[in-house]
Structures are given as C-alpha cells and as structure tokens.
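Novice: Pasting in a structure now, in structure tokens, and then I'll have a few things to ask.
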Amino acid sequence: MLEDRDYMRQPESRDSGWSSRFNFQWSWTVALLVAYVIVFLGEQAMARFAPGNGYFGYLALSRDGLAHGYYWQLITYQFMHAGWLHLLLNCWAIYVFGREMEEVFGGKRFLALVFSSGIVGGVCQMLTAILWPQLFDSPVVGASAGAFGLVAAFAAVFPDRELTMLIFYFIPIQLRAKTLLVFSAVLAVVGIVHPIDNMANAAHLGGMVMGWFFVRKIIRSAAHELTGPVWVQPESEPAAPPLIRPQKSTADIVANEVDPILDKISAQGIQSLTARERAVLEAARKKMVQR
C-alpha cells in the first residue's frame, strides 16, 4: 500500500519543545489553516472598528471586481469566510484531506493543488454569475473550492479508503472516498440547477474537477520529466551485481510502465497495484526527488 512507503510515513520531529511533546508538526496544511484564521480575525476586526466593509469589494470574488481588473480576488477570496461555522467546516476539510495530499505530492504541489482548485472554482462561479446574474451575482468568499479539490485528489489516489462522515453534524456514516466524491459532485450539480442561498456550488464543482485533473494530468506530466536511466528489479529476476544491472531508458519506463500504472490506479485504485508496479512508481519518484 502507498501508506507503507517511506515517503508516506510521518517524519519524526526533531523539535524537543512543546510541539514534539504534543505530537504537533508544522506543515503547509497547518500554515494554511493559520492564515485562514488570521484573515478571518482581521475581517472581524475591520467589521467592528471600521464599519462599511469597504475592503470587501476589493478582496471578495465578484463579477464587478473582475470587470474592474481586480484579478487578485481569485486568490484573496479563498482566505475570507462568511462566519465561524463557514471557517470551521473548511478548515476541518482541508486538515483532514490536506495532510495526506501534502505527504503524497509534497509542499509545492500541495499548494498548487489547493490554489488552482480555488481559482478554477472561482472562475466557474463567475461563469454562472454571467449566465444567470439574477441567481448567482453575489460576492463569493471561502476556501471550499480548494477543499473540494483536495477531496477529489484524495479520491483519485485512495478511491476505496473508508471514511466516517457526520450527517447533520452528529449522525455517523461510513463511505468510500470515491463515493464521497460522487455524492459531493451530485450535490453541487443539484445546487446549481436549484440554487441554495449562500452556497457557491459552481465553485465546489470547479474545485473538484481541478483536483481530479491535477492528479490525472499534472502528476502524469511530471513523470515524463524524469531524466537519466531508471532501473527496476523485476520480482522474478534474481538480483544482479551492481555494475551489470540492466538499464532502461526513462522514456521506455514512462511509456511502457508508468503510464499504464497510473491508468490502473485511476480505474481500480492504488490498492490494486502489485509489488513490482509499486516498485516502478517508487523508482520514478526517487528520480524526481533527485532532479
């Protein structure tokens, strides 16, 4: 399983302070959550001490804002939230799914996944505002598009992982990650067809599409950037002396082995891989780390 690989294990903390005693480790996931809380507290302070919300028109995502050239709103809206419950739900989702996605993809790709999902989700929401301004032409805030991008990426990597969800916040149900993704997508589509107040369903759907695309295309393209020879010991082949190990070109590995394995993960889940297929991906990963 992917969790058994060395790069999927939690790194041991070298901090001897309070963070190690409480088994706490800083990561980009935690940094994002801290940023969301700080920005939300700033919003609350501005609303209390500088009434009028003049800043809102510059930072929240809106059709009028983009028309005026405020393109930074596609980023800034992801850090703003409409209330404590909105903030807590998004932080919970990003914490639950973000930790494992950061371990799988690394910090840079994790951030690219979150923000690109938020941007694509914001663009989708603005397209609905252009098509149906009477229904969707309201400012948008929240990190939910990025959170749903993480859900989609998680389902693409761990489709059969069992999850426990709380319906109405207190009724527990168990479902697989791929089932959660399908259920979330259906809810988003229904919400677009039958709009619900204060729910940016088009942003949610756009975030999910981008999250899935990120895993299927961007990570695949990274495999094609491998340079140098890659060698993988077949299960049935006895170990050869180091100096005479057979070498396969990177192009052959990617075309003949990595691509089919990625297709198999998408169709059957990562748990379907054989030991040799996992070894191929591990060799490819190590080559990318060395670049």
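Those letters in the sequence shown? Residues 130 to 420, by the working numbering.
Each residue gets a CB set at the ideal place from its N, CA and C atoms; glycine is no exception.
#1: Determine, using beta carbons only, whether TYR224 and LEU162 come nearer to each other than 9 Å.
#2: Where does PRO301 sit, in a helix, a strand or coil, going by DSSP?
#3: In whole angstroms, give me the CA-to-CA distance for ILE248 and THR308.
#4: For ASN327, is the classification buried or exposed, using 16 other Cβ atoms within 10 angstroms of its Cβ as the cut-off for buried?
#5: TRP360: buried (16+ other C-beta within 10 angstroms of its C-beta) or exposed?
#6: Looking at the C-beta of LEU310, does it have a partner C-beta in chain D at a distance below 9 Å?
#7: What are the residues that DSSP puts in a beta bridge with LEU292?
#8: Span of the alpha helix (DSSP H) holding GLN202?
#9: Which of the three DSSP states is assigned to LEU190 in this structure?
#10: Closer than 8 Å is the cut-off here; do at least three beta carbon pairs connect the stretch 226 to 236 with the stretch 163 to 178?
#11: From what residue to what residue does the alpha helix (DSSP H) around ASN219 run?
#12: May I ask you to verify whether the stretch 186 to 195 touches the stretch 242 to 261, counting CB pairs closer than 8 Å and requiring at least 3?
#13: Taking the CB atoms as reference points, tell me whether VAL344 and ALA412 lie closer together than 9 Å.
#14: Given a threshold of 16 other Cβ atoms within 10 Å of its Cβ, counted over all protein chains shown, does PRO389 qualify as buried or as exposed?
#15: What's the call for ILE302, buried or exposed, on a 16-neighbour Cβ count within 10 Å?
#16: Starting from the C-beta of ALA284, find all residues in its chain whose C-beta is less than 6 Å away, skip the five residues before and the five after it, and write them out in chain order.
#17: Please report the distance separating the alpha-carbon of ARG290 from that of GLY251.
#18: Less than 8 Å between the CB atoms is what I'm expecting for PHE244 and GLY275, so what's the real figure, rounded?
#19: When you compare only the Cα positions, how much space is there between LEU203 and ALA189?
#20: Under 7 Å Cβ to Cβ from ASP266, same chain only, skipping five residues before and after it: list those, please.
#21: In angstroms, rounded to a whole number, what distance separates the CA positions of ALA160 and LEU240?
#22: What residues in its chain sit with their C-beta under 7 Å from that of ARG407, if we drop five residues either side in the sequence?
#23: Since TRP341 is in the alpha helix (DSSP H), which residue starts that stretch and which ends it?
#24: If LEU334 and ALA317 are in contact, beta carbons under 8 Å, what's the gap, nearest whole angstrom?
#25: If distances are taken between C-alpha atoms only, which option among GLY236, THR403, TRP261 and HIS215 comes closest to ALA331?
#26: Classify HIS210: buried if its beta carbon has 16 or more other beta carbons within 10 angstroms, exposed otherwise.
#27: CB LEU279 to CB SER313, shorter than 9 Å?
#28: Between the Cα of GLY212 and the Cα atoms of GLY186, LEU170, GLY235 and VAL387, which residue gives the shortest distance?
#29: With burial defined as no fewer than 16 other Cβ atoms inside 10 Å of the residue's Cβ, what is the status of ALA404: buried or exposed?
Specialist: In terms of the structure at hand:
#1: Within the sequence shown, residue 224 is the residue found at index 95, counting from 1. Within the sequence shown, residue 162 is the residue found at index 33, counting from 1. Yes, the pair counts as a contact, with Cβ atoms nearer than the cut-off.
#2: Start at 1 with the first residue of the sequence shown, and residue 301 comes out as number 172. Here PRO301 sits in strand by DSSP.
#3: Position 119 of the sequence shown, counting from 1, holds the residue named residue 248. Position 179 of the sequence shown, counting from 1, holds the residue named residue 308. Spanning the two alpha carbons is a distance of roughly 25 Å.
#4: As a position in the sequence shown, residue 327 is number 198, starting the count at 1. Counting Cβ neighbours within 10 Å, ASN327 comes out exposed, since fewer than 16 surround it.
#5: The residue you call residue 360 lines up with position 231 of the sequence shown. Its pLDDT being 39, under 50, TRP360 is placed unreliably by the model, and nothing is read from it.
#6: Absence of chain D from the displayed structure is noted, only one protein chain being present.
#7: Locating residue 292 in the sequence shown gives position 163, counting from the first residue. Answer is LEU304, bridged to LEU292.
#8: Along the sequence shown, read from residue 1 onward, the residue named residue 202 stands at position 73. Looking at the DSSP string, the run of the alpha helix (DSSP H) that includes GLN202 is 202 to 205.
#9: On the sequence shown, residue 190 is found 61 positions in, with the first residue counted as 1. DSSP places LEU190 in strand when its eight states are reduced to three.
#10: no
#11: Translated into the one-based positions of the sequence shown, residue 219 becomes position 90. First-last of the alpha helix (DSSP H) with ASN219: 213 to 234.
#12: Counting Cβ pairs under 8 Å, three or more are found: they touch.
#13: If you number the sequence shown from 1, residue 344 lands on position 215. If you number the sequence shown from 1, residue 412 lands on position 283. It is not a contact, given that the beta carbons lie outside the stated cut-off.
#14: Within the sequence shown, the letter at position 260 stands for residue 389. It counts as exposed.
#15: The count along the sequence shown starts at 1 and reaches residue 302 at position 173. Exposed.
#16: Walking along the sequence shown from the start, residue 284 turns up at place 155. Result list for ALA284: ALA306, LYS307 and LEU310, in chain order.
#17: Here residue 290 corresponds to residue number 161 of the sequence shown, with the count starting at 1. Here residue 251 corresponds to residue number 122 of the sequence shown, with the count starting at 1. One C-alpha to the other measures close to 29 Å.
#18: By one-based count along the sequence shown, residue 244 stands at place 115. By one-based count along the sequence shown, residue 275 stands at place 146. About 7 Å separates the two Cβ atoms, so the contact holds.
#19: Position 74 of the sequence shown, counted from the first residue, corresponds to residue 203. Position 60 of the sequence shown, counted from the first residue, corresponds to residue 189. Rounded to whole angstroms, LEU203 to ALA189 spans 8 Å at the Cα level.
#20: As a first step, residue 266 is located in the sequence shown; it is residue number 137 there, counting from the start. Only ARG192 and ALA258 meet the Cβ criterion.
#21: Numbered from its first residue, the sequence shown carries residue 160 at position 31. Numbered from its first residue, the sequence shown carries residue 240 at position 111. Using only the alpha carbons, I get a separation of about 11 Å.
#22: The sequence position of residue 407 within the sequence shown is 278, counting from 1. Closer than 7 Å at the Cβ level, and outside the excluded window around ARG407, lies no residue.
#23: Counted from its first residue, the sequence shown places residue 341 at position 212. Here the alpha helix (DSSP H) through TRP341 covers 330 to 342.
#24: Reading the sequence shown from its first residue, position 205 is the one you call residue 334. Reading the sequence shown from its first residue, position 188 is the one you call residue 317. With a Cβ gap of about 4 Å, LEU334 and ALA317 count as contacting.
#25: Numbered from 1 along the sequence shown, position 202 holds the residue referred to as residue 331. With distances taken between Cα atoms, ALA331 lies closest to TRP261.
#26: Here residue 210 refers to the residue found at position 81 when the sequence shown is read from its first residue. Result: buried.
#27: Looking up residue 279 in the sequence shown gives position 150. Looking up residue 313 in the sequence shown gives position 184. No, these two residues do not count as a Cβ contact at 9 Å.
#28: Looking up residue 212 in the sequence shown gives position 83. GLY212 has its Cα closest to that of LEU170, out of GLY186, LEU170, GLY235 and VAL387.
#29: Here the question's residue 404 lines up with position 275 in the sequence shown. Answer is exposed; the Cβ neighbour count stays below 16.
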